[in-house]
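Number of protein chains: 2
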Amino acid sequence: MTFDRAVTLERGEPGRYAGTTSDAYWNLIGPFGGWIAAVLLAALSDGAPPASAPLSLSTNFAAAIEPGPFVVTTRNLRRNRSTDFWFAELMQTVAGSATHCANATAVFAGRRSTAAYREVEPPDVAAPESLPRADLAQIAVKWFARYDIRVAAGGISGESASNRAVAWIRDLPSRPLDYLSLAALCDCSFPQIFARTGQAIPISTITMNIFFHATPAELAAVGDDFILSDSTMRVAGHGFFDQLTMLWSRAGTLLATTEQVVWFKFGP
Amino acid sequence: MTFDRAVTLERGEPGRYAGTTSDAYWNLIGPFGGWIAAVLLAALSDGAPPASAPLSLSTNFAAAIEPGPFVVTTRNLRRNRSTDFWFAELMQTVAGSATHCANATAVFAGRRSTAAYREVEPPDVAAPESLPRADLAQIAVKWFARYDIRVAAGGISGESASNRAVAWIRDLPSRPLDYLSLAALCDCSFPQIFARTGQAIPISTITMNIFFHATPAELAAVGDDFILSDSTMRVAGHGFFDQLTMLWSRAGTLLATTEQVVWFKFGP
């Protein structure tokens, strides 16, 4: 099952899309969150103006999704000259009962020529070709097999002071980067709380915000190359931790930034 | 007009709230974005379980709001045992035509006792009492008068390499910090792009994401004290820049983190 097939939806009535969960993108008790975000963005992108591109996607993970069919409904909230505002819901009917499983708001926008500034730097790490593919077999989560992950810094044994997990990542099989795969790649970073607790504790993402900084031309320039995920945790406590990630092209373009808040269970 | 009065809504039918814009929280061509976020959160909070507190608020600013009445509608999307998912829309009817002006999704959650980690540090700056109140009269934006802002680092003349705007901020008149005022304070940071361009160029926030890290008890501990806003820009280009802000209590609690994407006009 390729990524493209896994996020393919069938158009129904306007603003209504049918899909089926993908075993290949399965996490522990539901689908991989990056796949959920990509599916919502796929439905939303179908209605957005062709001249625009995603600017932001705020996804909330409300309930576990069961294996099987689901429906995404989309609603255009506001259309301006160059920005377009949307809402999407992922619903699943199991045994006659409909459940709201996830939702997202998105903004699509045209990009213009303006002054440009970049105030952050990509981490200086070894090239992906010089790093081994992460062996995550012991974690036994199916979606890992859909990504080629080359850890450059951090990881579960990396209880260093740096608090930074850096990895090259790309789809398996490799495919040209687009906004859908970039949305999914935003959820591929190593959960930094594992580095602090020293073990893979129970976690579940509640909400994930993505800002897309790359233009379509900048995505096209990446092709099917690895991209670099640079991820940190700022704070954890009272049942939730956050994770802040920057995604870079090898050429040093900041493609996207993403933040999430994750439920966890550990400690007193 | 105090903040409390400015964000007070009148309950209508279930999930429907009536409000009026506040001249005191006016920006250039519409209300201050922080006020909009707080109004949406006020409506959403009315329906959320009393034992929960806001965990995230993702606000999208879709159209200019005219002076006068507006309606906020809210919808509960999913209620779990300890997390509650919501959607809100701010609509305004002007001359018989209804406009969708803003929307938000929010997650409310109970907080539990867990292990805690803090991986970031507040900036080491002078106490607010030793700093002058920012004189922003020349900018002539009314909402500035509703905040006591003490710039500790950065600002429009601060074209330093640090790319960091740090300021103590609090409501005027001062009032005990709560989630509503904290949401508004998330939009009070100095737009870092002004430091790069050296001038107050046209900008307009498109989307703002807030993660609330503080528990109700931690907010109560702040009382009406100043809080510290530590803000940076990561990237600007193709018509949009981002801004990343951490809000700290004087005692060093990370109260909230927020990111926004802002439309701007400058350069070729």
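Chains as they are written, first to last, in my numbering: chain A, 1 to 268; chain B, 1001 to 1268.
The beta-carbon is built from N, C-alpha and C at its ideal position, and this holds for glycine as well.
Item checked: Backbone CA spacing between G198/A and P191/A [nearest angstrom] -> Looking up residue 198/A in the first sequence gives position 198. Looking up residue 191/A in the first sequence gives position 191. Straight-line Cα distance between these residues: approximately 11 Å.
Checklist line | Contacts of V107/A in chain B (Cβ-Cβ under 7 Å) | finding: Position 107 of the first sequence, counted from the first residue, corresponds to residue 107/A. N1060, I1206 and T1207, listed in chain order.
Checklist line | Beta-ladder partner(s) of T1253/B, from DSSP | finding: Walking along the second sequence from the start, residue 1253/B turns up at place 253. Its beta-bridge partners do not exist; DSSP assigns none.
Check: In chain D, which residues lie less than 9 Å from E1119/B when you measure between Cβ atoms?
Finding: The structure shown contains no chain D; its protein chains are A and B.
Margin query: With a threshold of 6 Å on Cβ separation, who are the neighbours of N60/A within its own chain once the five nearest residues in sequence on each side are excluded?
Written below: Working through the first sequence from its first residue, we reach residue 60/A at position 60. These residues qualify, in order along the chain: N103 and T207.
Next item on the list: Leaving out five residues on either side along the sequence, give the residues of the same chain with a beta carbon under 8 Å from the beta carbon of G1068/B.
Entry: As a position in the second sequence, residue 1068/B is number 68, starting the count at 1. Once the five neighbours on either side are set aside, the close Cβ partners of G1068/B are T1020, T1021, Q1092 and V1094.
Item checked: Host alpha helix (DSSP H) of I36/A (start-end) -> Counting from 1 along the first sequence, the entry for residue 36/A is found at position 36. Unbroken alpha helix (DSSP H) run through I36/A: G33 to G47.
Note to self: Please report whether the beta-carbon of N27/A lies at a distance below 8 Å from any beta-carbon of chain B.
What the structure shows: The count along the first sequence starts at 1 and reaches residue 27/A at position 27. It does not; no Cβ of chain B falls within 8 Å.
Check: So, does the CB of F1070/B fall closer than 8 Å to a CB anywhere in chain A?
Finding: Against the second sequence, residue 1070/B aligns to sequence position 70. False, the Cβ-Cβ gap to chain A never drops below 8 Å.
Next item on the list: Could you work out which residues of chain B lie near R78/A, taking near to mean beta carbons separated by less than 7 Å?
Entry: Here residue 78/A refers to the residue found at position 78 of the first sequence. Chain B residues near R78/A: A1062, A1063 and H1100.
Notebook entry, point to check: At a Cβ threshold of 8 Å, is D1242/B touching chain A?
Noted result: As a position in the second sequence, residue 1242/B is number 242, starting the count at 1. It does; some Cβ of chain A falls within 8 Å.
Notebook entry, point to check: Exposed or buried, what is D1023/B when buried is set at 16 or more other beta-carbons lying within 10 Å of its beta-carbon?
Noted result: One-based indexing of the second sequence puts residue 1023/B at position 23. Exposed, since its Cβ has fewer than 16 Cβ neighbours within 10 Å.
Check: Candidates G267/A, R112/A and Y179/A: which alpha carbon is nearest S45/A's?
Finding: The sequence position of residue 45/A within the first sequence is 45, counting from 1. The shortest Cα separation from S45/A among G267/A, R112/A and Y179/A belongs to Y179/A.
Next item on the list: Note down, in chain order, every chain A residue with its Cβ under 7 Å from the Cβ of E1013/B.
Entry: Residue 1013/B sits at position 13 when you count from the first residue of the second sequence. Those within 7 Å of E1013/B in chain A number zero; the least Cβ separation is about 21 Å.
Item checked: Bridge-paired residues (DSSP) for A1104/B -> Mapped onto the second sequence, residue 1104/B falls at position 104. Note: A1104/B sits in a beta bridge opposite T1059/B and A1088/B.
Notebook entry, point to check: Which residues does DSSP pair with Y17/A in a beta bridge?
Noted result: Along the first sequence, read from residue 1 onward, the residue named residue 17/A stands at position 17. Its beta-bridge partners are R11/A and V72/A.
Margin query: Just to confirm my understanding: we take G1158/B, look at its own chain, exclude 5 residues before and 5 after, and list those with CB closer than 6 Å. What are they?
Written below: For the purposes of this step, residue 1158/B is identified with residue 158 of the second sequence, where counting begins at 1. Note that G1158/B has pLDDT 48, beneath the 50 cutoff, so the model's placement of it is unreliable and the number below is only indicative. The residues are A1195.
Checklist line | For Q260/A, three-class secondary structure by DSSP | finding: As a first step, residue 260/A is located in the first sequence; it is residue number 260 there, counting from the start. Strand, per DSSP.
Item checked: Proximity below 8 Å, CB of T215/A to CB of R111/A -> What you label residue 215/A is simply residue 215 of the first sequence in a count that begins at 1. What you label residue 111/A is simply residue 111 of the first sequence in a count that begins at 1. Yes. Within cutoff.
Check: Who are the Cβ neighbours of P1176/B in its own chain at under 6 Å, not counting the five residues just before and after it?
Finding: Locating residue 1176/B in the second sequence gives position 176, counting from the first residue. Closer than 6 Å at the Cβ level, and outside the excluded window around P1176/B, lie G1223 and D1224.
Next item on the list: Return the CA-CA distance between A1183/B and T73/A, expressed in angstroms with no decimal places.
Entry: The residue given as residue 1183/B occupies position 183 in the second sequence. The residue given as residue 73/A occupies position 73 in the first sequence. Going by the C-alpha atoms only, they are around 29 Å apart.
Check: Where does P54/A land, buried or exposed, given buried means 16+ other C-beta within 10 angstroms?
Finding: Against the first sequence, residue 54/A aligns to sequence position 54. P54/A comes out buried.
Next item on the list: Kindly say whether S189/A, judged by its beta-carbon, lies nearer than 8 Å to any beta-carbon of chain B.
Entry: Stepping through the first sequence from its first residue, residue 189/A is reached at position 189. So, not an interface residue.
Check: Count the other CB atoms within 10 Å of the CB of D171/A; is the residue buried (16 or more) or exposed (fewer)?
Finding: In the first sequence, the residue the question calls residue 171/A occupies position 171. It is buried - the Cβ of D171/A has at least 16 other Cβ atoms within 10 Å.
Notebook entry, point to check: What's the C-alpha gap between A38/A and S181/A?
Noted result: For the purposes of this step, residue 38/A is identified with residue 38 of the first sequence, where counting begins at 1. For the purposes of this step, residue 181/A is identified with residue 181 of the first sequence, where counting begins at 1. Going from the Cα of A38/A to the Cα of S181/A covers about 7 Å.
Item checked: Where the beta strand (DSSP E) through F241/A begins and ends -> Taking the first residue of the first sequence as 1, we reach residue 241/A at position 241. Per DSSP, F241/A belongs to the beta strand (DSSP E) from F240 to W248.
Next item on the list: Indicate whether the contact test is met: 3 or more Cβ pairs, each with one atom in the stretch 1006 to 1021 of chain B and one in the stretch 227 to 237 of chain A, closer than 8 Å.
Entry: no
Next item on the list: Name, in chain order, the residues that DSSP records as bridge partners for V1141/B.
Entry: Within the second sequence, numbered from 1, the residue matching residue 1141/B stands at position 141. DSSP output for V1141/B lists no bridge partner at all.
Note to self: When you compare the CB of G1158/B with every CB in chain A, is at least one pair closer than 8 Å?
What the structure shows: Within the second sequence, the letter at position 158 stands for residue 1158/B. Unreliable placement is indicated for G1158/B, whose pLDDT of 48 sits below 50; the coordinate value is still reported in the next sentence. So no, G1158/B is outside the interface.
Next item on the list: Determine which residues share a DSSP beta bridge with A1167/B and list them.
Entry: For this step, residue 1167/B is matched to residue 167 along the second sequence. Paired residue(s): V1151/B and S1229/B.
Check: Is G96/A buried or exposed, if buried means 16 or more other CB atoms sit within 10 Å of its CB?
Finding: Residue 96/A sits at position 96 when you count from the first residue of the first sequence. Exposed.
Next item on the list: Out of E1259/B, G1267/B, L1028/B and T1258/B, state which residue places its alpha-carbon closest to the alpha-carbon of V1141/B.
Entry: Position 141 of the second sequence holds residue 1141/B. It is L1028/B whose Cα lies nearest to the Cα of V1141/B.
Item checked: Contact set between R111/A and chain B, taken where Cβ atoms lie within less than 9 Å -> Counting from 1 along the first sequence, the entry for residue 111/A is found at position 111. Under the 9 Å cutoff, chain B gives G1237, H1238, G1239 and F1240.
Note to self: Could you tell me the alpha carbon to alpha carbon distance between F1108/B and S130/A, rounded to whole angstroms?
What the structure shows: The residue labelled residue 1108/B in the question sits at position 108 within the second sequence. The residue labelled residue 130/A in the question sits at position 130 within the first sequence. Spanning the two alpha carbons is a distance of roughly 44 Å.
Item checked: Three-state secondary structure assigned by DSSP to V125/A -> Residue mapping note: residue 125/A aligns to position 125 of the first sequence, counting from 1. Here V125/A sits in coil by DSSP.
Notebook entry, point to check: Can you tell me whether DSSP reads S1022/B as helix, strand or coil?
Noted result: Working through the second sequence from its first residue, we reach residue 1022/B at position 22. Residue state, collapsed to three classes: coil.
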